[in-house]
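Visitor: If you're matching positions, the sequence shown starts at 1 in our numbering and goes up one per residue.
Quick one: the structure is below, and I'll ask about it shortly.
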Amino acid sequence: MKYVPTHKRVVRGKRIHETVEERHSKLELEKRTPELSIERVEAEFLVPTIEIFVETEQVRRLKDRVKLWIKVGYPPHIVGPTGCGKTTLAMQVARELGRPTVWINGDEQMTTTDLIGGYSEMEAESVRDRFVHNVMLAKDRTKFTWVDNPLTLACKYGYTLVYNEFSRAKPEANNVLLSVLEENILELPTMFGDERYIKVHPDFTAIFTSNSIEYAGVHKPQDALLDRMVDIYMDYYDFDTEVKIVQAHTGMPLQEAKKVVKAVRILREKLPEPHKPGTRAEIMICQGLNAMDGYSKEDLEQIYMDILATKIGEPKELLKKGGLIREILSETYGDA
Numbered sequence: 001m002k003y004v005p006t007h008k009r010v011v012r013g014k015r016i017h018e019t020v021e022e023r024h025s026k027l028e029l030e031k032r033t034p035e036l037s038i039e040r041v042e043a044e045f046l047v048p049t050i051e052i053f054v055e056t057e058q059v060r061r062l063k064d065r066v067k068l069w070i071k072v073g074y075p076p077h078i079v080g081p082t083g084c085g086k087t088t089l090a091m092q093v094a095r096e097l098g099r100p101t102v103w104i105n106g107d108e109q110m111t112t113t114d115l116i117g118g119y120s121e122m123e124a125e126s127v128r129d130r131f132v133h134n135v136m137l138a139k140d141r142t143k144f145t146w147v148d149n150p151l152t153l154a155c156k157y158g159y160t161l162v163y164n165e166f167s168r169a170k171p172e173a174n175n176v177l178l179s180v181l182e183e184n185i186l187e188l189p190t191m192f193g194d195e196r197y198i199k200v201h202p203d204f205t206a207i208f209t210s211n212s213i214e215y216a217g218v219h220k221p222q223d224a225l226l227d228r229m230v231d232i233y234m235d236y237y238d239f240d241t242e243v244k245i246v247q248a249h250t251g252m253p254l255q256e257a258k259k260v261v262k263a264v265r266i267l268r269e270k271l272p273e274p275h276k277p278g279t280r281a282e283i284m285i286c287q288g289l290n291a292m293d294g295y296s297k298e299d300l301e302q303i304y305m306d307i308l309a310t311k312i313g314e315p316k317e318l319l320k321k322g323g324l325i326r327e328i329l330s331e332t333y334g335d336a
């Protein structure tokens with residue numbers, strides 16, 4: 001006997017079980033969730049992307065030192081001359097930690113609010129209710145919206161904070177870091193009640209970078225804060241490392257890259273600390289030369305002057321530095 005349904009069956013609700021395809025898609029998404037989270041956070045806070053990172057033995061040793069102190073539990077403070085690669089090193093270490101990175105740049109005008117956040121808007125709400133025809137209930141409420149800034153986000157969720165140009169901020173702006181690094185507590189001075197204190201997430205990491213104290217616009221951080229960090233002093237990379245970095249960023253042929261690096265390094269030895277050109281200057285020179293369709297001796301001198309004759313106070317200094325550059329180019333390039 002065969003059963004023939006007379007009514008179309010209606011299925012209500014949703015399926016309890018997943019198909020094999022749905023299960024595989026879900027597992028794939030779970031694998032990518034940390035990566036997607038990192039991309040979302042870093043895009044929101046405009047974290048610089050390190051497209052090119054050249055790793056030689058010297059770079060690897062520096063990177064391993066930074067990672068060592070992070071593992072021990074002390075924030076590394078990378079100190080060195082401008083243009084030597086401090087920020088690139090810090091960002092590469094942050095990337096390899098595998099957690100979202102938030103970024104902040106120190107400057108003269110920075111305040112504690114720039115680090116922790118503050119109230120960004122006020123919302124006013126009014127209620128008028130005539131629940132009895134001759135009685136009106138009136139209620140006004142004002143609500144303030146708090147917005148977290150990089151330090152608070154990093155402390156709450158275990159992100160990596162890269163504080164670039166740390167020593168350019170005034171010491172009083174950084175006082176809030178004392179309790180974070182010592183007691184693992186972040187205090188939000190303008191908050192109230194139990195929201196005033198945040199327990200620092202165990203995965204929280206901070207990496208600081210600063211120019212040497214000889215540079216203009218640099219403030220000496222308070223000793224109490226420096227005692228809670230590990231200073232890693234970084235100098236310019238060696239000749240071979242700089243050549244590889246320049247080639248990676250510009251595609252300059254090896255022999256030409258060597259000439260540029262050699263010329264800049266000679267000039268570096270003849271100038272006082274704040275005026276020494278860094279690896280960044282070598283990259284800029286190569287980019288300028290690459291952009292020209294061939295160049296004469298005068299063009300070569302002009303490119304070098306444009307990049308290296310910076311931080312000049314008066315015309316007399318420009319003439320002196322120009323003569324020094326021409327002398328070095330003659331030594332490096334010959335009469336060609």
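Glycine included, C-beta positions come from ideal geometry on N, C-alpha and C.
What residues in its chain sit with their C-beta under 7 angstroms from that of Val180, if we drop five residues either side in the sequence?
Guide: Indexing the sequence shown from 1 puts residue 180 at position 180. Hits under 7 angstroms: Cys155, Leu186 and Val200.
Visitor: Could you give the distance in angstroms between the alpha-carbon of Lys270 and the alpha-carbon of Gly334?
Guide: Start at 1 with the first residue of the sequence shown, and residue 270 comes out as number 270. Start at 1 with the first residue of the sequence shown, and residue 334 comes out as number 334. Taking the straight line from one Cα to the other gives about 20 angstroms.
Visitor: I'd like to know whether the C-beta atoms of Tyr237 and Gln92 end up nearer to each other than 9 angstroms.
Guide: Here residue 237 corresponds to residue number 237 of the sequence shown, with the count starting at 1. Here residue 92 corresponds to residue number 92 of the sequence shown, with the count starting at 1. Going by C-beta atoms, Tyr237 is not nearer than 9 angstroms to Gln92.
Visitor: For Pro171 versus Pro221, is the C-beta distance shorter than 9 angstroms?
Guide: By 1-based counting over the sequence shown, the position of residue 171 is 171. By 1-based counting over the sequence shown, the position of residue 221 is 221. Yes, the pair counts as a contact, with Cβ atoms nearer than the cut-off.
Visitor: Less than 9 angstroms between the beta carbons of Thr160 and Arg99, yes or no?
Guide: In the sequence shown, the residue the question calls residue 160 occupies position 160. In the sequence shown, the residue the question calls residue 99 occupies position 99. Result yes, Cβ atoms of Thr160 and Arg99 sit closer than 9 angstroms.
Visitor: Is it the case that the Cβ atoms of Val246 and Leu308 are separated by a distance below 9 angstroms?
Guide: Along the sequence shown, one-based indexing puts residue 246 at 246. Along the sequence shown, one-based indexing puts residue 308 at 308. It is not a contact, given that the beta carbons lie outside the stated cut-off.
Visitor: To the nearest angstrom, how far is the alpha carbon of Val47 from that of Thr88?
Guide: To locate residue 47, count along the sequence shown from 1; it is residue 47. To locate residue 88, count along the sequence shown from 1; it is residue 88. Cα to Cα, the separation comes out at about 12 angstroms.
Visitor: Tell me whether the beta-carbon of Ser393 lies closer than 9 angstroms to the beta-carbon of Val230.
Guide: Within the shown structure, residues of the chain are numbered from 1 to 336, placing residue 393 beyond reach of any answer.
Visitor: Bridge partners of Thr87, per DSSP?
Guide: Here the question's residue 87 lines up with position 87 in the sequence shown. DSSP output for Thr87 lists no bridge partner at all.
Visitor: So, for His249: in the same chain, excluding its five sequence neighbours on each side, which residues have a beta-carbon less than 7 angstroms away from its beta-carbon?
Guide: As a first step, residue 249 is located in the sequence shown; it is residue number 249 there, counting from the start. Excluding sequence neighbours, His249 sits near Ile52 and Ile283.
Visitor: Which runs of the alpha helix (DSSP H) at least 4 residues long sit entirely within the segment 53-116? Give them in chain order.
Guide: Counting only runs of 4 or more, we get 57-72, 86-97 and 112-116.
Visitor: What's the call for Gly73, buried or exposed, on a 16-neighbour Cβ count within 10 Å?
Guide: Against the sequence shown, residue 73 aligns to sequence position 73. Its Cβ having fewer than 16 others within 10 Å, Gly73 is exposed.
Visitor: Check the C-beta distance from Ile50 over to Val66 and give it rounded, since I have them as a contact under 8 angstroms.
Guide: Numbered from its first residue, the sequence shown carries residue 50 at position 50. Numbered from its first residue, the sequence shown carries residue 66 at position 66. Not quite, the Cβ-Cβ distance comes to about 14 angstroms (not below 8 angstroms), so this is no contact.
Visitor: With burial defined as no fewer than 16 other Cβ atoms inside 10 Å of the residue's Cβ, what is the status of Leu62: buried or exposed?
Guide: Taking the sequence shown and counting its residues from 1, one reaches residue 62 at position 62. When all chains shown are included, Leu62 counts as buried.
Visitor: What's the gap between the Cα of Gln287 and the Cα of Val261?
Guide: Working through the sequence shown from its first residue, we reach residue 287 at position 287. Working through the sequence shown from its first residue, we reach residue 261 at position 261. Answer to the nearest angstrom: the Cα atoms are 13 angstroms apart.
Visitor: Bridge partners of Ser210, per DSSP?
Guide: Position 210 of the sequence shown, counting from 1, holds the residue named residue 210. DSSP lists Val79 as partners of Ser210.
Visitor: Could you check if Tyr163 is buried or exposed, using at least 16 other CB atoms within 10 Å of its CB as the buried criterion?
Guide: Taking the sequence shown and counting its residues from 1, one reaches residue 163 at position 163. The residue is buried, with at least 16 neighbouring Cβ atoms inside 10 Å.
Visitor: Contact defined as beta carbons within less than 8 angstroms: I believe Ile232 pairs with Pro75. What is the distance between those atoms, to the nearest angstrom?
Guide: In the sequence shown, the residue the question calls residue 232 occupies position 232. In the sequence shown, the residue the question calls residue 75 occupies position 75. Going by Cβ atoms, the distance from Ile232 to Pro75 rounds to 11 angstroms, so no, they are not a contact pair.
Visitor: Whole angstroms are fine: how far does the CA of Thr142 sit from the CA of Leu188?
Guide: On the sequence shown, position 188 is the one that residue 188 refers to. On the sequence shown, position 142 is the one that residue 142 refers to. If I take the Cα positions, the gap works out to 21 angstroms.
Visitor: With 16 as the cutoff for other CB atoms within 10 Å, does Phe204 come out buried or exposed?
Guide: By one-based count along the sequence shown, residue 204 stands at place 204. Phe204 comes out buried.
Visitor: Leaving out the 5 sequence neighbours to the left and right, which residues in its chain are closer than 8 angstroms to Leu324 when beta-carbon positions are compared?
Guide: For this step, residue 324 is matched to residue 324 along the sequence shown. Only Leu267 and Lys270 meet the Cβ criterion.
Visitor: Give every residue of the same chain whose Cβ lies closer than 7 angstroms to the Cβ of Thr369, excluding the five residues on either side of it in the sequence, and list them in chain order.
Guide: The structure shown does not extend to residue 369, since the chain spans only 1 to 336, so no value can be given for it.
Visitor: Below 9 angstroms between beta carbons: does that hold for Thr112 and Ala206?
Guide: If you number the sequence shown from 1, residue 112 lands on position 112. If you number the sequence shown from 1, residue 206 lands on position 206. Going by C-beta atoms, Thr112 is not nearer than 9 angstroms to Ala206.
Visitor: Would you mind giving the Cβ-Cβ distance between Leu225 and Leu177, rounded to the nearest angstrom? I have them listed as a contact below 8 angstroms.
Guide: Within the sequence shown, numbered from 1, the residue matching residue 225 stands at position 225. Within the sequence shown, numbered from 1, the residue matching residue 177 stands at position 177. About 6 angstroms; that satisfies the 8 angstroms criterion.
Visitor: When you compare only the Cα positions, how much space is there between Phe144 and Thr190?
Guide: For this step, residue 144 is matched to residue 144 along the sequence shown. For this step, residue 190 is matched to residue 190 along the sequence shown. One C-alpha to the other measures close to 12 angstroms.
Visitor: What are the uninterrupted segments assigned as alpha helix (DSSP H) that are 4 or more residues long and contained completely in the segment 160-247, given in chain order?
Guide: 177-182 and 223-226, all fully within the segment 160-247.
Visitor: Determine, using beta carbons only, whether Pro81 and Lys316 come nearer to each other than 9 angstroms.
Guide: Taking the sequence shown and counting its residues from 1, one reaches residue 81 at position 81. Taking the sequence shown and counting its residues from 1, one reaches residue 316 at position 316. Contact flag unset, no.
Visitor: Within 10 angstroms of its Cβ, does Ser330 collect 16 or more other Cβ (buried), or is it exposed?
Guide: Here residue 330 corresponds to residue number 330 of the sequence shown, with the count starting at 1. That one is exposed.
Visitor: For Asp299, does the three-state DSSP call read helix, strand or coil?
Guide: Working through the sequence shown from its first residue, we reach residue 299 at position 299. Note: Asp299 maps to helix in three-state DSSP.
Visitor: Looking only at its own chain, which residues have a Cβ that is under 6 angstroms from the Cβ of Asn184, when we skip the five neighbours before and after it?
Guide: Here residue 184 refers to the residue found at position 184 of the sequence shown. So the list reads Val200, once near-sequence residues are dropped.
Visitor: Quick one: Cα of Lys259 to Cα of Asp223, how far?
Guide: Working through the sequence shown from its first residue, we reach residue 259 at position 259. Working through the sequence shown from its first residue, we reach residue 223 at position 223. Spanning the two alpha carbons is a distance of roughly 43 angstroms.
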